[in-house]
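Participant: Below is one structure. I have some questions about it.
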Amino acid sequence: MIPEIGHFALILALLVAFVQATMPMVGAHRGNQAWMAIARPAALTQFGLVAVAFGCLTQAYVTSDFSVLNVFQNSHTAKPLLYKISGVWGNHEGSLLLWVMILSLFGSAVALFGTNLPPGLRARVLGVQAMIALGFYLFMLLTSNPFERLSPVPLNGNDLNPLLQDPGLAFHPPMLYLGYVGFSMAFSFAIAALIEGRVDAAWARWVRPWALAAWCFLTAGITLGSWWAYYELGWGGWWFWDPVENASFMPWLAGTALLHSSTVVEKRDTLKGWTILLAIVTFSLSLLGTFLVRSGVLTSVHTFATDPARGIFILGLLIVVIGGSLALFAWRGPALVSTGVFQPISREGALLFNNLVMTTAAAAVLLGTLYPLLLDAIGGGKVSVGAPFFNAVFIPLMVPMIVAMAVGPLLSWKRADMKPALSRLWAAGGVMIVAMIAVWAVETDGPFMGIVGIGLAAWLFMGILSELAGRIRLLQGSLSESLSRLRRTPRAAWGMTLAHLGLAITIAGMTGAGAWKVESIQAMKPGDRVSVAGYDFVFDGARSGTGPNYSILSGTFRVLRDGQLVTMLYPEKRVYNVSQQPTTEAAIHTTFLGDLYAVVGDEDETGAFVTRLYFNPLVGWMWAGVLIMVFGGVLSLSDRRHRVGAPKKRGAGLAQAASA
Amino acid sequence: MSKRAIYLVPLSVFLVMAVYFAIGLTKDPKIIPSALIDKPVPEFSLPPIDNGAPQGYGKGFSSADFKAGEISVVNVFASWCLPCRAEHPFITKLSKMNVAKVYGLNFKDTPKNALKWLQELGDPYDAIGADPRGRVGIDWGVYGIPETFVVDGTGKIYFKYVGPLNGDILENQILPVIEKLKR
């Protein structure tokens, strides 16, 4: 009964979305207030209905109702409750339901808190939102119904893919989706603006918090996935240029560009067409990201749905959404008038440079990800072009951007002089050279890119600090004046500073993990001792045991440094009962300079265990840097500018809803 | 270019991509035509992986090895290729069955990473040839990896599979082909 309620709620939501997608748009065109006003209650009703559907599916999972096909395929009675719940979105149908629920949640946030938006704009934004939702409802109801019944009812389920039974991965998809769907708001605003033919500072002020919130979620989501790969896949890697990772990375790159260009629209009333295009591209890449994972068009370790009927529907949906919006852009875009002018050497110029690098990078990732698919079209096959391509493209793009990142914030708007800006960076240059020499002295045999990477990180970190020091006039006036300037620095400025500092720390971490990783793979018997990067790993043996729905082999390592115990490590190898699929659970001890990382493998005939021991330098910096970046984003979201912006009184509700 | 034309560029780029997508989706990924099927293996000679020692690692192999009357499987792999990692257990399984000689073509890889990979996952190959620049790979028609070829006793390429092997493909495609060639 309950699954039928869910199914019915979904059909009702489809009908409501249809009303919401048509009447307010027509109303806005004709200036009919009553028709426009339908958008608000429709958006709220839609959310209510999807929430009911989602609740029904969750109920089926929690109670292990195997008469529902989806639950049978992805759940099991012995699974812990957390993974019963995360199983709801750990599959194709359920993840779409989550996607559309977040979409309608954001739509109702605009309906509730957008009371100060011009009524026409609000009606159109909600109309566009409903059009996107309409596509998703149709897709679900026609090809991917999560509530499909199964008869006869099986005694137990197939269990969730064991790799997905992990706390990191339980929250990875919702985070990513909050990011993807968040960019749908920027998209809806862009389409509404194209229809109205007007883009102004007020518009940018509305788009920015959504883009920023989406960016924060996406950054956190990507990092969760990367962190999961690091500790779960068991070979110490954290990024593989896998199609599914790329699928989330492309909207991140485009979204980062969007964040920066929307600042220019807000402050300088220029780059309008470009910003609109970025909003469209970012959401298009988000859609592509959602579907690349789902349609099975690309081979990947993550893919779990292959069905040509879905593929065709997805393609149709992508063509309508992306093609339609780009056609609208081609038609209405030329009408957008920019008033601001600027010289190449200026803050606008620097932000535009950022945009060019980010979009080029996104295009390169797109090419590398779709290249195998293009091959398929001309008679090749499903293949991986892999890291050599991406590294060759990415590093040359990112090096100049990071160099410029320290300079950009020092330039003034409109027109700037390079000389005074550079003269404020002598300290950064000095620290960079010292850091590079220090790295060279310590890691003489290390790769050259290691020295470059640390140098860039030091340059960026110090460059950002110099900018902060200049902003508060440190050492130029009295200390109390500097402190009071520090206190008065708006949160948005703090957000920028922190996000950029975080990136510098992340770059140092990536460099360390990439350049100076130490590993040792061997067969060890209990009592054996192996030395890795100055640490002695003593193997104390391995024990078998059982978990809730798996059996475990658990190893014990004592890690010593100069005879002193540093830590104990307990890596595990699990074999899940239902699928008989093994997973590795690496044991990790994080220190300031790097992670001690141990993996235990199978026992051989002689009673020895295959063990893999790593020292992964500076990995903790990578995660810490990202956390700082996200914190910077959240801080910027809480800026009072978003709450008491020029023509707006209640932007705060929006910002809070977006960050909630 | 006029201003209006510039605004048309994104749409045009997208439409070209959509056409490719459409063709890609309608293709059955399992059926891959190859110009090389029923042709003799290209002429080549691959050195072993350079491990510092004079004889290298993995023996190396050349086109002459395929004319000795034995059925062979050539698996193109690299340490940077994630799907290769996924198929590695099945290559190992195939190798243990002793139904064919299993050659590894190490494609566009560095010796250091390749050796590390083999040490970590095990070396299932009867011989490995290193192709760091991908020159021989091009002769074999390698687009991206993994790819697996079955070569008959006379050195003719009989079957090609693109993408990672799994238990199903091994049982139902690779092994039947080898069985057929045996008779």
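Those protein sequences? They're chains A and B, same order as listed.
Per this note's numbering: the first sequence = residues 11 to 670.
Per this note's numbering: the second sequence = residues 36 to 218.
Note that beta-carbon positions come from the ideal geometry of N, C-alpha and C, so glycine has one too.
Which of helix, strand or coil does DSSP assign to B/N141?
Facilitator: Here residue 141 of chain B refers to the residue found at position 106 of the second sequence. It is a strand residue.
Participant: Please report the Cβ distance between A/L336 and A/G283, rounded to the nearest whole angstrom; I am assuming they are in contact, meaning their Cβ atoms lie under 8 Å.
Facilitator: Numbered from its first residue, the first sequence carries residue 336 of chain A at position 326. Numbered from its first residue, the first sequence carries residue 283 of chain A at position 273. Between A/G283 and A/L336 the Cβ distance is about 12 Å, and since that is not below 8 Å, they are no contact.
Participant: Where A/I232 and A/L297 are concerned, what is the direct C-alpha to C-alpha distance, given to the nearest angstrom?
Facilitator: For this step, residue 232 of chain A is matched to residue 222 along the first sequence. For this step, residue 297 of chain A is matched to residue 287 along the first sequence. Each residue's alpha carbon lies about 16 Å from the other.
Participant: Mind checking who B/D158 pairs with in its DSSP beta bridge?
Facilitator: Counting from one through the second sequence, the residue named residue 158 of chain B turns up at place 123. Its beta-bridge partners do not exist; DSSP assigns none.
Participant: In whole angstroms, what separates the C-alpha of A/P13 from that of A/S96?
Facilitator: Indexing the first sequence from 1 puts residue 13 of chain A at position 3. Indexing the first sequence from 1 puts residue 96 of chain A at position 86. The alpha-carbon atoms of A/P13 and A/S96 are separated by roughly 18 Å.
Participant: Alpha helix (DSSP H) containing B/E122: first to last residue?
Facilitator: Residue numbering aside, residue 122 of chain B sits at position 87 when the second sequence is read from its first letter. Segment L117 to M132, the alpha helix (DSSP H) holding B/E122.
Participant: Leaving aside the five residues before and after A/V191 along the sequence, list all residues of the same chain whose C-beta is less than 8 Å from its C-beta, in chain order.
Facilitator: Within the first sequence, numbered from 1, the residue matching residue 191 of chain A stands at position 181. Around A/V191: W109, I112, L113, F116, A224 and S296.
Participant: Name the residues in the region 137 to 165 of chain B whose C-beta lies less than 7 Å from a C-beta of chain A; which are they?
Facilitator: Those residues of the region 137 to 165 of chain B that come within reach of chain A (Cβ to Cβ, closer than 7 Å) are K143, Q154 and E155.
Participant: Just to make sure I have the definition right: I need the residues of chain A whose C-beta is within less than 8 Å of the C-beta of B/L43. Which are they?
Facilitator: Position 8 of the second sequence, counted from the first residue, corresponds to residue 43 of chain B. Those are A340, listed as they occur along chain A.
Participant: How big is the Cα-Cα spacing for A/F301 and A/L575?
Facilitator: For this step, residue 301 of chain A is matched to residue 291 along the first sequence. For this step, residue 575 of chain A is matched to residue 565 along the first sequence. Rounded to whole angstroms, A/F301 to A/L575 spans 49 Å at the Cα level.
Participant: Using a Cβ-Cβ cutoff of less than 6 Å, which residues in the same chain neighbour A/F149 once the five nearest sequence positions on both sides are dropped?
Facilitator: As a working mapping, residue 149 of chain A is identified with position 139 in the first sequence. Excluding residues within five positions, the ones whose Cβ falls inside 6 Å are F323.
Participant: Hey, could you find the ends of the beta strand (DSSP E) A/F602 is sitting in?
Facilitator: For the purposes of this step, residue 602 of chain A is taken as the residue at position 592 of the first sequence. Note, A/F602: premise wrong, no beta strand (DSSP E); not H, not E.
Participant: Grab the span of the alpha helix (DSSP H) containing A/N84 for me, first residue to last.
Facilitator: Taking the first sequence and counting its residues from 1, the one referred to as residue 84 of chain A is at position 74. L79 to N84 is the extent of the alpha helix (DSSP H) around A/N84.
Participant: Can you pull the chain B neighbours of A/D252, defined as C-beta to C-beta under 7 Å?
Facilitator: Translated into positions along the first sequence, residue 252 of chain A becomes position 242. Here the neighbours are L117.
Participant: Can you name the residues that DSSP bridges to A/Q139?
Facilitator: Counted from its first residue, the first sequence places residue 139 of chain A at position 129. BP columns for A/Q139 are empty, so no partner.
Participant: Do A/K527 and A/G124 have their C-beta atoms within less than 9 Å of each other?
Facilitator: In the first sequence, the residue the question calls residue 527 of chain A occupies position 517. In the first sequence, the residue the question calls residue 124 of chain A occupies position 114. For A/K527 and A/G124, no; Cβs fall outside 9 Å.
Participant: By the criterion of Cβ-Cβ separation under 8 Å, what are the contact partners of A/R622 in chain B?
Facilitator: Mapped onto the first sequence, residue 622 of chain A falls at position 612. Near A/R622 (Cβ distances below 8 Å), the residues of chain B are E155.
Participant: So, does the CB of A/P398 fall closer than 9 Å to a CB anywhere in chain B?
Facilitator: Here residue 398 of chain A corresponds to residue number 388 of the first sequence, with the count starting at 1. Judged by the 9 Å Cβ criterion, A/P398 is in contact with chain B.
Participant: In chain order, what residues of the same chain have a beta carbon less than 7 Å from the beta carbon of A/V540, not counting five sequence neighbours either side?
Facilitator: The sequence position of residue 540 of chain A within the first sequence is 530, counting from 1. Once the five neighbours on either side are set aside, the close Cβ partners of A/V540 are S530, Q532, M534, F547 and L623.
Participant: Quick check: the Cα distance between B/L153 and B/D166, rounded to an integer number of angstroms?
Facilitator: In the second sequence, residue 153 of chain B corresponds to position 118, counting from 1. In the second sequence, residue 166 of chain B corresponds to position 131, counting from 1. If I take the Cα positions, the gap works out to 16 Å.
Participant: DSSP three-state call for A/Q532: helix, strand or coil?
Facilitator: Position 522 of the first sequence holds residue 532 of chain A. A/Q532 falls in the strand class under three-state DSSP.
Participant: Excluding the 5 residues preceding and the 5 following A/Q591 in the sequence, name in chain order all residues of the same chain whose CB lies nearer than 8 Å to its CB.
Facilitator: Within the first sequence, numbered from 1, the residue matching residue 591 of chain A stands at position 581. Taken in chain order, the residues that qualify are N171, P172, L173 and V585.
Participant: So what's A/E582 in DSSP terms, helix, strand or just coil?
Facilitator: To locate residue 582 of chain A, count along the first sequence from 1; it is residue 572. DSSP places A/E582 in strand when its eight states are reduced to three.
Participant: Could you spell out where the alpha helix (DSSP H) holding A/T233 opens and where it closes?
Facilitator: Residue 233 of chain A sits at position 223 when you count from the first residue of the first sequence. Counting along the chain, the alpha helix (DSSP H) containing A/T233 begins and ends at A211 to E242.
Participant: Could you tell me the distance, in whole angstroms, from the CA atom of A/R553 to the CA atom of A/T616?
Facilitator: Position 543 of the first sequence, counted from the first residue, corresponds to residue 553 of chain A. Position 606 of the first sequence, counted from the first residue, corresponds to residue 616 of chain A. Spanning the two alpha carbons is a distance of roughly 16 Å.
Participant: Thinking just about the alpha-carbon of each residue, which of A/P156, A/P129, A/G630 and A/G145 is nearest to the one in A/A325?
Facilitator: As a first step, residue 325 of chain A must be located in the first sequence, where it is residue number 315. Looking at the sequence shown, residue 325 of chain A is not Ala but Leu. Closest option to A/L325, Cα to Cα, is A/G145.
Participant: I want to see whether chain B comes within less than 9 Å of A/P344, judged by CB atoms only; does it?
Facilitator: As a first step, residue 344 of chain A is located in the first sequence; it is residue number 334 there, counting from the start. Yes, A/P344 counts as interfacial toward chain B.
Participant: Measuring only between beta-carbons, confirm whether A/E529 sits less than 9 Å from chain B.
Facilitator: Locating residue 529 of chain A in the first sequence gives position 519, where the first residue counts as 1. With 9 Å as the cut-off, A/E529 counts as an interface residue toward chain B.
Participant: What span of residues does the beta strand (DSSP E) with A/E622 cover, start to end?
Facilitator: Stepping through the first sequence from its first residue, residue 622 of chain A is reached at position 612. Note that residue 622 of chain A is Arg in the sequence shown here, rather than Glu. Looking at the DSSP string, the run of the beta strand (DSSP E) that includes A/R622 is F619 to P627.
Participant: Is the beta carbon of A/M141 sitting closer than 9 Å to the one on A/A31?
Facilitator: Within the first sequence, numbered from 1, the residue matching residue 141 of chain A stands at position 131. Within the first sequence, numbered from 1, the residue matching residue 31 of chain A stands at position 21. Cβ atoms of A/M141 and A/A31: closer than 9 Å.
Participant: Comparing C-alpha positions only, which one of A/G557, A/G418 and A/V441 sits nearest to A/P430?
Facilitator: Here residue 430 of chain A corresponds to residue number 420 of the first sequence, with the count starting at 1. The shortest Cα separation from A/P430 among A/G557, A/G418 and A/V441 belongs to A/G418.
Participant: Write down the C-beta distance between A/V78 and A/A70 rounded to the nearest angstrom, noting that I regard them as a contact closer than 8 Å.
Facilitator: As a working note, residue 78 of chain A is residue 68 in the first sequence. As a working note, residue 70 of chain A is residue 60 in the first sequence. Their Cβ separation, rounded to whole angstroms, is 5 Å, which keeps A/V78 and A/A70 in contact under 8 Å.
Participant: Starting from the beta carbon of A/G333, find every residue of chain B whose beta carbon is closer than 9 Å, and list them in chain order.
Facilitator: Here the question's residue 333 of chain A lines up with position 323 in the first sequence. Per Cβ cutoff of 9 Å: L46, F49, L50 and A53.
Participant: Cβ of A/T379 within 9 Å of Cβ of A/A257?
Facilitator: One-based indexing of the first sequence puts residue 379 of chain A at position 369. One-based indexing of the first sequence puts residue 257 of chain A at position 247. It is a contact, given that the beta carbons lie within the stated cut-off.
Participant: Would you report the Cα separation of B/G198 and B/W115, rounded to the nearest angstrom?
Facilitator: Translated into the one-based positions of the second sequence, residue 198 of chain B becomes position 163. Translated into the one-based positions of the second sequence, residue 115 of chain B becomes position 80. The straight-line gap from Cα to Cα measures roughly 14 Å.
Participant: Is there a Cβ from chain A that is less than 9 Å from the Cβ of B/K38?
Facilitator: The residue labelled residue 38 of chain B in the question sits at position 3 within the second sequence. Yes, contact with chain A.
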